[in-house]
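K.L.:
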Amino acid sequence: MGLDRDRVEPRVAELPGEKARERVDYHRSFAAPATYVYDFVWDHTAPADGPFCTDVDGNVLMDFTSHVGAAPLGYQNPKITEPMAEFDLPDPGKIAGQDFYLSAGEPADPQFPGPAELMDRLVEATSHYGMDTVFLSNSGAEAVENAMKICYDDTGGKYAITFEGAFHGRTLGTLSLNRSKEVYRREFPEIGPVHDAPFCRDRSCDPAACGCGFFPDPDGEGPSTLRRMLDPERGHVNADELAFLILEPVQGEGGYHVPSDAFMEEVAALCDEHDIHIVADEIQSGVGRSGELWASDHYPIEPDVITAAKALRVGATVASKDVFPEEQSRLSSTWGAGDIAASLQGALTLDAIHEYDLLTNATERGRQARELLADADLPGVTDVRGLGLLLAVEFDTKERRDDVQAAAMQHGLLTLGCGHRTLRLLPPLDVTEREVRLGVDLLAEAVRDVA
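Numbering (the numbering used here), first residue to last: 10 to 460.
1. Kindly indicate which residue of E373, H363, A350, G389 has the alpha-carbon position closest to the one of K103.
2. Just how far apart, CA to CA, sit F96 and R339?
3. Hey, how far is the Cα of M10 from the Cα of D66?
4. Can you look up A117 in the DSSP assignment and give me helix, strand or coil?
5. Kindly list the residues whose CB is nearer than 7 Å to the CB of K319, restricted to its own chain and excluding five residues on each side of it in sequence; keep chain order.
6. Can you tell me whether M10 is helix, strand or coil according to DSSP?
7. Compare the C-alpha of D284 against each of G375, R446, G166 and name the closest.
8. Would D348 be called buried (16 or more neighbouring beta carbons within 10 Å of its own) or exposed?
9. Take D141 and list the residues in its own chain whose beta-carbon comes closer than 7 Å to its own, dropping the five residues that flank it on each side.
10. By how many angstroms is the C-alpha of R37 removed from the C-alpha of D162?
11. With DSSP collapsed to three states, give me the class of D249.
12. What residue range is occupied by the uninterrupted alpha helix (DSSP H) comprising E168?
13. With burial defined as no fewer than 16 other Cβ atoms inside 10 Å of the residue's Cβ, what is the status of L425: buried or exposed?
14. From G389, A417, L279, pick the residue whose C-alpha is nearest to that of K407; which is it?
15. Taking only three categories from DSSP, how would you classify A401?
16. Can you tell me where the alpha helix (DSSP H) holding L387 begins and where it ends?
17. Locate the beta strand (DSSP E) running through L425, then write down its first and last residues.
18. Where in the stretch 52 to 126 do unbroken runs of the alpha helix (DSSP H), each at least 4 residues long, occur, reported from the N-terminal end onward?
19. Do L239 and L279 have their beta-carbon atoms positioned less than 8 Å apart in this structure?
20. Under a three-way DSSP split, which group does G300 fall into?
21. Closer than 8 Å is the cut-off here; do at least three beta carbon pairs connect the stretch 119 to 135 with the stretch 383 to 403?
22. Throw me the rounded Cβ distance for the Y308 and V246 pair, which I believe falls under 8 Å.
23. Give me the residue from P19, E335, R20, S342 with the minimum Cα distance to F109.
24. With H, G and I counted as helix, E and B as strand and the rest as coil, what does DSSP make of V33?
25. Could you give the first and the last residue of the continuous alpha helix (DSSP H) run that contains A351?
26. Roughly how many angstroms lie between the CA atoms of T171 and L434, to the nearest whole one?
27. Between the stretch 259 to 273 and the stretch 350 to 369, do at least 3 Cβ pairs fall closer than 8 Å?
28. Report the rounded CA-to-CA distance for G182 versus A206, giving the unit in angstroms.
29. Answer yes or no: do V445 and V413 have a C-beta to C-beta separation smaller than 8 Å?
30. Can you tell me where the beta strand (DSSP E) holding V314 begins and where it ends?
31. Could you work out which residue in V314, R457, H429 is closest to T135 when comparing CA atoms only?
32. What does DSSP give as the partner residues of F144 in its beta bridges?
33. Roughly how many angstroms separate the alpha carbons of P99 and C160, rounded to a whole number?
34. Within the same chain, show all residues whose beta-carbon is closer than 7 Å to that of F176, passing over the 5 residues directly before and after it, in chain order.
35. Are the beta-carbon atoms of S213 and F223 separated by less than 8 Å?
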C-alpha cells in the first residue's frame, strides 16, 4: 500500500532500527570514510511520495533535505515517475557520451528527451544571459572544474577570486576555491593564486552599516574590499591577470547566506569594469530552488558561466560558445553526455518546474516557512533566513544546532547542518502548505525538546 501524501505523517519507532544498523555496518565494512549525516537507510522498495519515505525498519520519515537538493521533487514523485514510465529505456543506460552520439528519434519529436534535449532546455533557460553552449559531466565539482578550465583558457589569466564561506566541490581544483571549512583543504595541494573577499551575509545589508566586512567604511563612502583589492594603484591583485571570479548566488555549505543587492551590484560593476568572467555556482541554488530558475536571476549580475548539477541529475557547465575552447581535446568526460536516464530525469525536472509552476510554489512555500519559523519564537534561534526553498535556521551555539538536528530525526524530520551553527531545510519543490506547516511543527518540537 502506498503513502497518501495528503494525509501521511511521520511515524518513528526506533531510529536507527536494527535493520538500519545492520545495513550501515555492512556498508561501512567496505566503504571509505565519508560525510554520512546519520544512520538513515532509505528502503527504495517501500512506499514513498514527495517528502515522505520509509526506511528499512518501517519508520516513515519526512525528508526536508531532498538529498542536498539532488532529489528536487523528493521520492517517487509522479511528476517524474509517470512520464519516465512511458519510456522503454535502453541498456546500456550510459555510454561514453563525449565520444559517441545517441538519439531517441528526431530532434523535433524524440521518443524521450536525452542529453541533447537536456542541453537544448538549458540553453533556453540561460538564453537571457547570452549562453548557447553546454558541456555535460558527472557532478557539480566536475562542472566547476570545467568552468575553471574554460575561463583559464579563454582569458589566459592566472588568478581567481572566491569568497569567504564558499564551497565549490571536493576535487583538487575546486578545493582551492573553498573557504567554508579548513578541513576540506587540509594537507591537499592547491592551485593558485586564489584570492578571497568577504561575502555579504545579509539580504538587507546597508553599505553604510555593513557588518560583513565587504563595505568596510563606516560612512558607506569608502571603496569595497573587492574594489580596493583590484585598484590599479593601491590594490594587490592585477585585474588583467584574473581568469574569473566565482560565487554562489546564495551560499550553501557556508551557511545559506543570502547576499544583498548592493553587494551583487558592486560585484557586477567591478567585473564589468575590469572585464572579469563571473562564474555563478548554481549547483545547490539553481534549477528552481530559489523561486527563480537560477538564484542569479534575483540579482543584478550577468554570469558568464553557470554551473549546475544536483537537481539536474548531471553536471552542466553553461556559457556562450565564445568562452568555450575551440579544440575538442580541451574538455572531455566519459559519461558526461551519455547518461541516458539522468539526462531524462533532468529534462523532466525542468519540464515539471514549468508545467506545475513550481517557481511560484517555491517562493510562496518558502515565505510561509520563514514566517512560521519566525513567529514560533523558538528558544536559541538567532536567525531565520532564506530565498525560496533555500531555508536556514541559525542557533546560538553549534551544540544546540547539532542536538536539534538529532532530535528532529527522532520526530521523523530529516534536516542538514551548514555553516557553523545553522540548520538548512530543502523541501521538495512541490511541497504543499500542509507539509510546510507539518515540517515546521516537527522542528519546533525538536527545538523545545532541546531547550
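Ideal Cβ positions, reconstructed from N, Cα and C, are used throughout, including at glycine.
P.N.:
Let me spell this out:
1. Taking the first residue of the sequence shown as position 1, residue 103 is located at position 94. Nearest option by C-alpha distance: A350.
2. Your numbering for residue 96 matches position 87 in the sequence shown. Your numbering for residue 339 matches position 330 in the sequence shown. Taking the straight line from one Cα to the other gives about 34 Å.
3. Along the sequence shown, one-based indexing puts residue 10 at 1. Along the sequence shown, one-based indexing puts residue 66 at 57. Note that M10 has pLDDT 49, beneath the 50 cutoff, so the model's placement of it is unreliable and no number is given.
4. Taking the first residue of the sequence shown as 1, we reach residue 117 at position 108. A117: coil per DSSP, three-state reduction.
5. Mapped onto the sequence shown, residue 319 falls at position 310. Cβ neighbours of K319 beyond the five flanking positions: V77, G78, A79, G149, I292, Q293.
6. By 1-based counting over the sequence shown, the position of residue 10 is 1. Bear in mind that a pLDDT of 49 at M10, under 50, signals an unreliable position, so the model cannot answer this.
7. Residue 284 sits at position 275 when you count from the first residue of the sequence shown. Taking only the C-alpha atoms, the option nearest D284 is G166.
8. Here residue 348 is taken as the residue at index 339 of the sequence shown, counted from 1. By the neighbour-count criterion, in which a residue is buried when 16 or more other Cβ atoms sit within 10 angstroms of its Cβ, D348 is buried.
9. On the sequence shown, position 132 is the one that residue 141 refers to. For D141, where only same-chain residues beyond five positions count, the Cβ hits under 7 Å are V132, S329, K330.
10. Position 153 of the sequence shown holds residue 162. Position 28 of the sequence shown holds residue 37. If you take the alpha carbons of D162 and R37, they lie about 41 Å apart.
11. To locate residue 249, count along the sequence shown from 1; it is residue 240. The answer is helix: DSSP assigns D249 an H, G or I state.
12. Working through the sequence shown from its first residue, we reach residue 168 at position 159. First, the residue type needs correcting, since residue 168 is Tyr and not Glu in the sequence shown. Run containing Y168: none in the alpha helix (DSSP H); it sits in the beta strand (DSSP E), 168 to 172.
13. Residue numbering aside, residue 425 sits at position 416 when the sequence shown is read from its first letter. With 16 or more Cβ atoms within 10 Å of its Cβ, L425 is classed as buried.
14. Your numbering for residue 407 matches position 398 in the sequence shown. The candidate whose alpha carbon is nearest that of K407 is G389.
15. One-based indexing of the sequence shown puts residue 401 at position 392. A401: strand per DSSP, three-state reduction.
16. The sequence position of residue 387 within the sequence shown is 378, counting from 1. Counting along the chain, L387 falls outside any alpha helix (DSSP H), and DSSP gives it neither H nor E.
17. Position 416 of the sequence shown, counting from 1, holds the residue named residue 425. First-last of the beta strand (DSSP E) with L425: 425 to 427.
18. 87 to 94
19. On the sequence shown, residue 279 is found 270 positions in, with the first residue counted as 1. On the sequence shown, residue 239 is found 230 positions in, with the first residue counted as 1. In this structure, L239 lies closer than 8 Å to L279 by Cβ.
20. Along the sequence shown, one-based indexing puts residue 300 at 291. G300: coil per DSSP, three-state reduction.
21. no
22. Numbered from 1 along the sequence shown, position 299 holds the residue referred to as residue 308. Numbered from 1 along the sequence shown, position 237 holds the residue referred to as residue 246. At roughly 23 Å, the Cβ-Cβ gap does not stay under 8 Å, so Y308 and V246 are not in contact.
23. Numbered from 1 along the sequence shown, position 100 holds the residue referred to as residue 109. That would be S342, whose Cα lies nearest to the Cα of F109.
24. On the sequence shown, position 24 is the one that residue 33 refers to. Correct three-state label for V33: helix.
25. As a first step, residue 351 must be located in the sequence shown, where it is residue number 342. Counting along the chain, the alpha helix (DSSP H) containing A351 begins and ends at 349 to 364.
26. Looking up residue 171 in the sequence shown gives position 162. Looking up residue 434 in the sequence shown gives position 425. Rounded to the nearest angstrom, the two C-alpha atoms are 25 Å apart.
27. Judged by Cβ distances under 8 Å, the stretch 259 to 273 makes no contact with the stretch 350 to 369, as fewer than three pairs qualify.
28. Counting from one through the sequence shown, the residue named residue 182 turns up at place 173. Counting from one through the sequence shown, the residue named residue 206 turns up at place 197. Going from the Cα of G182 to the Cα of A206 covers about 19 Å.
29. For the purposes of this step, residue 445 is identified with residue 436 of the sequence shown, where counting begins at 1. For the purposes of this step, residue 413 is identified with residue 404 of the sequence shown, where counting begins at 1. No, the pair does not count as a contact, with Cβ atoms beyond the cut-off.
30. Counting from 1 along the sequence shown, the entry for residue 314 is found at position 305. Note, V314: beta strand (DSSP E), 314 to 317.
31. Against the sequence shown, residue 135 aligns to sequence position 126. The residue with the shortest Cα to Cα distance from T135 is V314.
32. Along the sequence shown, read from residue 1 onward, the residue named residue 144 stands at position 135. T326, per the DSSP bridge assignment.
33. Numbered from its first residue, the sequence shown carries residue 99 at position 90. Numbered from its first residue, the sequence shown carries residue 160 at position 151. So the alpha carbons of these two residues sit roughly 36 Å apart.
34. Counting from one through the sequence shown, the residue named residue 176 turns up at place 167. Annotation for F176: N187, S189, G261, E262, G263 place their beta carbon closer than 7 Å to its own, counting only its chain and skipping 5 residues before and after.
35. As a working mapping, residue 213 is identified with position 204 in the sequence shown. As a working mapping, residue 223 is identified with position 214 in the sequence shown. No, they are not a contact pair.
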